[in-house]
Amino acid sequence: MHTVYVHGEQQQKSHFPRLYPATVWVDTGHLYRDGITVQWHQYIMDFVPRLMGCGLVLLFALAIDTSADSNYDKELQEVKLYFYSPLLQQEQDVESFQPPPEIDLRRQLKVLIHGWFADRNHVSIIPIKTAYLVQDAHNLLVVDWSKAASLLYPTARDLVLPVANRIGTSLSQFMQRVSIDPSRVHVIGHSLGAHIAANVGRHFEGKLSRVTALDPAKPHFKLDSKDAVGPDTAQFVDVIHTDAQTLGEDIVRGHADFFPNSGMAPQPG
Numbered sequence: 683m684h685t686v687y688v689h690g691e692q693q694q695k696s697h698f699p700r701l702y703p704a705t706v707w708v709d710t711g712h713l714y715r716d717g718i719t720v721q722w723h724q725y726i727m728d729f730v731p732r733l734m735g736c737g738l739v740l741l742f743a744l745a746i747d748t749s750a751d752s753n754y755d756k757e758l759q760e761v762k763l764y765f766y767s768p769l770l771q772q773e774q775d776v777e778s779f780q781p782p783p784e785i786d787l788r789r790q791l792k793v794l795i796h797g798w799f800a801d802r803n804h805v806s807i808i809p810i811k812t813a814y815l816v817q818d819a820h821n822l823l824v825v826d827w828s829k830a831a832s833l834l835y836p837t838a839r840d841l842v843l844p845v846a847n848r849i850g851t852s853l854s855q856f857m858q859r860v861s862i863d864p865s866r867v868h869v870i871g872h873s874l875g876a877h878i879a880a881n882v883g884r885h886f887e888g889k890l891s892r893v894t895a896l897d898p899a900k901p902h903f904k905l906d907s908k909d910a911v912g913p914d915t916a917q918f919v920d921v922i923h924t925d926a927q928t929l930g931e932d933i934v935r936g937h938a939d940f941f942p943n944s945g946m947a948p949q950p951g
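Heads up: the sequence shown begins at 683 in this note's numbering, then just goes up one per residue.
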């Protein structure tokens with residue numbers, strides 16, 4: 683049985699597809715209908731040791747009071763966006779990238795944002811990126827904010843808005859340069875990156891077509907946090923909770939919030 687909140691109203695659903703990792707459960711009908719799947723046990727074998735290590739770091743980090751006066755310009759300058767396509771032999775930094783004519787810019791643009799202690803090649807990002815590239819129906823950008831994400835958690839959490847503004851500025855410049863309308867942009871963020879994705883949406887004043895928050899991070903976020911995921915961030919905001927009441931949130935924040943298997947870890951599959 684799966685619990686879903688649509689516009690704040692609780693509904694019980696028993697006919698959802700079997701849960702796969704939240705980090706790859708986006709546009710489910712497309713990703714899995716075509717037989718594109720990711721082995722969950724491989725994700726667990728790689729992720730659990732990382733989670734245990736991050737948990738120890740997090741417990742230590744939460745006890746530290748970081749100074750708001752610190753300057754993290756260097757880390758923010760290293761926030762990069764990379765364009766991917768099956769038509770390209772390698773990733774392209776969007777700051778200087780001009781898409782060749784064979785790339786159809788009328789396709790929807792997917793933007794992926796990783797979480798804390800991760801990067802663009804993290805296990806939470808690779809399955810989504812691979813699925814979209816195999817499907818070859820969208821254009822794809824992957825954000826790398828790993829320099830800021832590698833800082834102690836309270837600091838990384840405080841940089842959610844500055845990182846989002848940096849992403850928003852770079853994304854806006856790219857969209858203007860290649861004539862992409864905000865209504866064709868879907869931003870997807872995982873964990874702390876989910877809140878960053880929301881603020882990228884706010885950078886565009888809620889005009890983006892969709893923001894998807896995958897297991898948004900809970901530590902140092904409150905119900906009324908102004909920089910948390912919210913329905914004001916895009917035309918449609920969906921939230922998938924898979925680690926509620928531990929490191930993930932159990933707060934209803936979107937137009938539609940999904941709690942597969944009650945939103946609790948570990949998830950089957």
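For each residue, glycine too, the CB sits at the ideal point set by N, CA and C.
Check                                                                                                                    : Outcome
Nonlocal neighbours in the same chain, by C-beta distance under 6 Å from residue 865, ignoring five residues either side : 891
Under the three-state DSSP convention, the category residue 937 falls into                                               : coil
Residue 895 and residue 876 closer than 8 Å at C-beta                                                                    : yes
Three-state secondary structure (DSSP) of residue 779                                                                    : coil
Counted within 10 angstroms of its Cβ, other Cβ atoms place residue 816 as buried (16 or more) or exposed                : exposed
Cβ shell of residue 879 (< 7 Å), same chain only, five flanking positions each side left out                             : 795, 869, 870, 871, 893, 895
Option nearest residue 859 by Cα separation, candidates 774, 766, 781, 927                                               : 781
Per-residue burial, residue 904 [other beta carbons within 10 Å of its own, 16 or more giving buried]                    : exposed
Bridge-paired residues (DSSP) for residue 823                                                                            : 765, 793
According to DSSP, residues forming a beta bridge with residue 899                                                       : 930
Start-end ranges of the alpha helix (DSSP H) lying completely within the segment 821-861, minimum 4 residues             : 828-831, 835-840, 842-860
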